[in-house]
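Chemist:
Numbering (full-length UniProt numbering), first residue to last: 1 to 777.
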């Protein structure tokens, strides 16, 4: 029968309607991407990229018919051949096949499609071929000039694809790339992987490559005669991962990681770094997944063939270990640990293992239920900074804190309560703490940075509080918030330097009551909206007791600014608290533009009226009237943002703290500049005046090329602290970063006599992974 000149729908008899075989044949090509699809799932670092959706090969329900739409459909009874021509569309379940000609030979049991063959899968992947032929049950087939367009924007091509009954598919002259718009002038992808032959064994889910090349443009840069890789259906398998290179005091280093899938829930990565000067550095990490969470153990070790100057030991053996765990007890509670041990302070820095200069090792449990929070820890610290003594570092056994809010109103307001408890010990009592690069015992200048502290060898602190507050709004818009709180503290301290005795026990109760009053004045200025809000607070508490007998472990730092102007207690920890009668007053202002721009500003001051003042010199709060604090933020449009905040003497005679920032986003250029000028406050963690300016920026030379840089300058010491300059090539399938940097400071940002010059190179191929190297010059 035939139907010419019009489009009609026909249903083939099911005995020759097995078009699913074309899907099977073309589907195999997807597995040829195994090198990229598997590695990319774990190593690719390009964000916001479409994810690969695995090919669907689910059995179509028995009895499903094929819907055929064609310009012409004929069947020859003599030859038992059915032919569909013109614009042919076959729909078989969720799969849609289009071609210009489809022929089924019932005698030979072959099925062929010719002319712009396109198969669309329900997962979004599209396979194209010039022609395809399958036999019998379609366990065998052949396709020419195959092209696959995957959901993660990957394109795969092959000149020929042949499928065999044993589940093996062979692709000849195959290529793989994730480049769509990133091509050269002649249309060649910026990078591609080309292989003379790729074989996919569907039974053991492995891809085998022969004569594979990595090409940039048309230029081969890497060749291997043979390698194999798991196909995309494999989520983890034993094998080598991408290598990385490094350069430092140890010479040239090449890291060759090897992944071992021990079982379904356990794996190990062995990542030795082979150095030219010091020999091999061992690196083993074991990970275990359990029903309740995960845990890991990682260790590093080396026997230095040529000892580094930073090795403090007679032995050439050096090493470190770290273990981490995170487990869920139920939907509200978790527990875990993080612990690190190291043979010496410089080991992890020397071999670029860990950038931390302070190691915190702990076991903890955390509970979170709506607005209720509990955390319990046993925690110890180790400093990796030269000159800092381990005897000065504390161990907390334990540290427990909790904050809770009642779900029901109490007297029409919100009631919250909480507690904090710790027991802490260290070997050495501390009254003056020295730190910084110049604290190196080898430094003959002995010029040290001093910080005034008051820390004993043992201290236990128990604190509990209750807080109530209620917001009232009048018809005129006045916001009045009365609040009341009470807190109790118990201290037991030993060997505090300023204490009157070797051990002291102190108990205190601090009741607090206050009122917060705000009156927003909302006006419209043309299309702008303005909100001016005067704020006045009155707070009354009993005075803080004399704290010379107790150490200040957790409230050392203090930065008085507009963000804490209206807090009833501005200390950052629980070992100190604000007492006396005080008033806080200020004004907040907001101007909103219809374009999205805004101006936000605030200014205010605090007044200590009666009782003991809890603050020391340098806080800005130690007088009857505090320093003035103010801040302003402006965004005229998304392209320009300005910010400034300051703390100055009430008589404007001196600015004690000021910080300014400018952010620009001007199309091709984006960057920022910041400035900080902060006066010394030895009582609060700032032993010296600080004045710095720093900035960073990036300029787009084209759609894919950009240059960037950053710099930081210490105006106080008149020295550069660090600079960097680099270039980036970033397109849809590849990102290359080359950065040259100079560092003139130690771990604390203190200027050093030496300068470290470093070159970092990173090449990222989307869906493949990243090759990176760092070199100290």
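Backbone N, C-alpha and C define an ideal beta-carbon position, used for all residues, glycine too.
Which value, in whole angstroms, describes the spacing of the CA atoms of residue 251 and residue 238?
Modeler: The sequence position of residue 251 within the chain shown is 251, counting from 1. The sequence position of residue 238 within the chain shown is 238, counting from 1. Taking the straight line from one Cα to the other gives about 30 Å.
Chemist: For residue 570, which residues in the same chain have their Cβ closer than 8 Å to its Cβ, ignoring the five residues on either side in sequence?
Modeler: On the chain shown, residue 570 is found 570 positions in, with the first residue counted as 1. The answer, listed in chain order, is 558, 560, 564, 578 and 621.
Chemist: Quick one: which unbroken beta strand (DSSP E) runs of 3-plus residues sit fully inside the stretch 83-114? Chain order, please.
Modeler: If we require 3 residues or more, the beta strand (DSSP E) runs fully inside the stretch 83-114 come out as 95-105.
Chemist: So which of 399, 624, 467 and 323 has the shortest CA-CA distance to residue 294?
Modeler: Residue numbering aside, residue 294 sits at position 294 when the chain shown is read from its first letter. Checked all of 399, 624, 467 and 323; the closest Cα to residue 294 is 323.
Chemist: Bridge partners of residue 852, per DSSP?
Modeler: The requested residue 852 does not occur in the structure, where the chain is confined to residues 1 to 777.
Chemist: Of the choices 288, 222 and 243, whose alpha-carbon is the least far from that of residue 262?
Modeler: Position 262 of the chain shown, counted from the start, is the residue given in the question as residue 262. Checking every option, the nearest Cα to that of residue 262 belongs to 288.
Chemist: What residue does the beta strand (DSSP E) around residue 347 start on, and which one ends it?
Modeler: On the chain shown, position 347 is the one that residue 347 refers to. It is not in any beta strand (DSSP E) - residue 347 instead sits in the alpha helix (DSSP H) that spans 347-350.
Chemist: Taking 6 Å as the limit between beta carbons, can you name the residues of its chain near residue 416, skipping five residues before and five after?
Modeler: Here residue 416 refers to the residue found at position 416 when the chain shown is read from its first residue. Closer than 6 Å at Cβ, skipping near neighbours: 405 and 467.
Chemist: Classify residue 706 as buried or exposed, calling it buried when 16 or more other Cβ atoms lie within 10 Å of its own Cβ.
Modeler: Translated into the one-based positions of the chain shown, residue 706 becomes position 706. That one is buried.
Chemist: Give the single residue among 769, 702 and 718 whose Cα lies nearest to the Cα of residue 691.
Modeler: For this step, residue 691 is matched to residue 691 along the chain shown. When each option's Cα is compared against that of residue 691, the closest is 718.
Chemist: When we look at the beta-carbon of residue 768 and count the other beta-carbons within 10 Å, is it buried (16 or more) or exposed?
Modeler: Within the chain shown, the letter at position 768 stands for residue 768. It counts as buried.
Chemist: Residues bridged to residue 784 by DSSP?
Modeler: The requested residue 784 does not occur in the structure, where the chain is confined to residues 1 to 777.
Chemist: I'd like the list of long-range same chain contacts for residue 600, defined as Cβ closer than 6 Å, with 5 residues on each side in sequence excluded.
Modeler: Residue 600 sits at position 600 when you count from the first residue of the chain shown. The answer, listed in chain order, is 590 and 633.
Chemist: On a CA-only basis, which of 198, 150, 278 and 153 is nearest residue 170? Give me that one, please.
Modeler: Within the chain shown, numbered from 1, the residue matching residue 170 stands at position 170. Measuring from the Cα of residue 170, the nearest candidate turns out to be 198.
Chemist: Starting from the Cα of residue 389, find the closest Cα among 344, 86, 720 and 764 and give me that residue.
Modeler: To locate residue 389, count along the chain shown from 1; it is residue 389. The residue with the shortest Cα to Cα distance from residue 389 is 344.
Chemist: Please give me, in chain order, every unbroken run of the alpha helix (DSSP H) with length at least 4 that falls completely inside the stretch 636-694.
Modeler: Whole alpha helix (DSSP H) segments, 4+ residues: zero.
Chemist: For residue 548, I'd like the list of residues in its chain whose CB is within less than 8 Å of its CB, leaving aside the five on either flank, ordered along the chain.
Modeler: Locating residue 548 in the chain shown gives position 548, where the first residue counts as 1. Cβ neighbours of residue 548 beyond the five flanking positions: 454, 496, 498, 499 and 500.
Chemist: Specify the secondary structure class of residue 283 as computed by DSSP and reduced to three states.
Modeler: By one-based count along the chain shown, residue 283 stands at place 283. Strand, per DSSP.
Chemist: From residue 617 to residue 584, what does the alpha carbon distance come to, in whole angstroms?
Modeler: For the purposes of this step, residue 617 is taken as residue 617 along the chain shown, with counting starting at 1. For the purposes of this step, residue 584 is taken as residue 584 along the chain shown, with counting starting at 1. Answer to the nearest angstrom: the Cα atoms are 19 Å apart.
Chemist: What residue range is occupied by the uninterrupted beta strand (DSSP E) comprising residue 200?
Modeler: Position 200 of the chain shown, counted from the start, is the residue given in the question as residue 200. Counting along the chain, the beta strand (DSSP E) containing residue 200 begins and ends at 191-201.
Chemist: Which residue's Cα is closest to the Cα of residue 397: 551, 220, 664 and 458?
Modeler: For the purposes of this step, residue 397 is identified with residue 397 of the chain shown, where counting begins at 1. Minimum Cα distance to residue 397 is reached at 458.
Chemist: With 16 other CB atoms within 10 Å as the buried threshold, where does residue 291 fall?
Modeler: Position 291 of the chain shown, counting from 1, holds the residue named residue 291. So residue 291 counts as exposed.
Chemist: Please look up how many angstroms separate the CB atoms of residue 665 and residue 687, rounded, as I've assumed it's under 8 Å.
Modeler: Translated into the one-based positions of the chain shown, residue 665 becomes position 665. Translated into the one-based positions of the chain shown, residue 687 becomes position 687. In fact, because the Cβ distance is near 37 Å, the residues do not count as touching under 8 Å.
Chemist: Quick check on the DSSP output: what are the complete beta strand (DSSP E) runs of length 3 or more inside the stretch 487-526, in order along the chain?
Modeler: Here the runs fully enclosed are 503-518 and 521-525.
Chemist: For residue 545, which option in 120, 695, 488 and 672 has the closest C-alpha, if you only look at C-alpha atoms?
Modeler: Counted from its first residue, the chain shown places residue 545 at position 545. Closest option to residue 545, Cα to Cα, is 488.
Chemist: Let's see if you can read the secondary structure: which residues bound the beta strand (DSSP E) around residue 172?
Modeler: Working through the chain shown from its first residue, we reach residue 172 at position 172. It spans 168-177 - the beta strand (DSSP E) in which residue 172 sits, taken as one unbroken run.
Chemist: Rounded to whole angstroms, what's the CA-CA distance from residue 490 to residue 456? Just pull it up for me.
Modeler: As a first step, residue 490 is located in the chain shown; it is residue number 490 there, counting from the start. As a first step, residue 456 is located in the chain shown; it is residue number 456 there, counting from the start. If I take the Cα positions, the gap works out to 16 Å.
Chemist: Pick out whichever of 408, 66 and 312 has its Cα sitting closest to the Cα of residue 95.
Modeler: Translated into positions along the chain shown, residue 95 becomes position 95. Checking every option, the nearest Cα to that of residue 95 belongs to 66.
Chemist: Please name the residue or residues paired with residue 461 in a DSSP beta bridge.
Modeler: As a first step, residue 461 must be located in the chain shown, where it is residue number 461. Bridge partners of residue 461: 422 and 491.
Chemist: What are the start and end residues of the beta strand (DSSP E) that includes residue 260?
Modeler: Sequence index remark: in the chain shown, residue 260 carries index 260 (1-based). Note, residue 260: beta strand (DSSP E), 258-263.
Chemist: At 3 residues or longer, what runs of the beta strand (DSSP E) sit wholly inside the stretch 554-609?
Modeler: Correct list: 581-592.
Chemist: Is residue 336 helix, strand or coil by DSSP?
Modeler: For the purposes of this step, residue 336 is taken as the residue at position 336 of the chain shown. Note: residue 336 maps to strand in three-state DSSP.
Chemist: Could you tell me which of 189, 135 and 146 sits nearest to residue 165, measuring between CA atoms?
Modeler: By 1-based counting over the chain shown, the position of residue 165 is 165. Residue 165 has its Cα closest to that of 135, out of 189, 135 and 146.
Chemist: Please classify residue 392: does DSSP put it in a helix, a strand, or coil?
Modeler: The count along the chain shown starts at 1 and reaches residue 392 at position 392. Residue 392 falls in the helix class under three-state DSSP.
Chemist: Give the DSSP bridge partners of residue 288, in chain order.
Modeler: Position 288 of the chain shown, counted from the first residue, corresponds to residue 288. In DSSP, residue 288 forms a bridge with 266 and 295.
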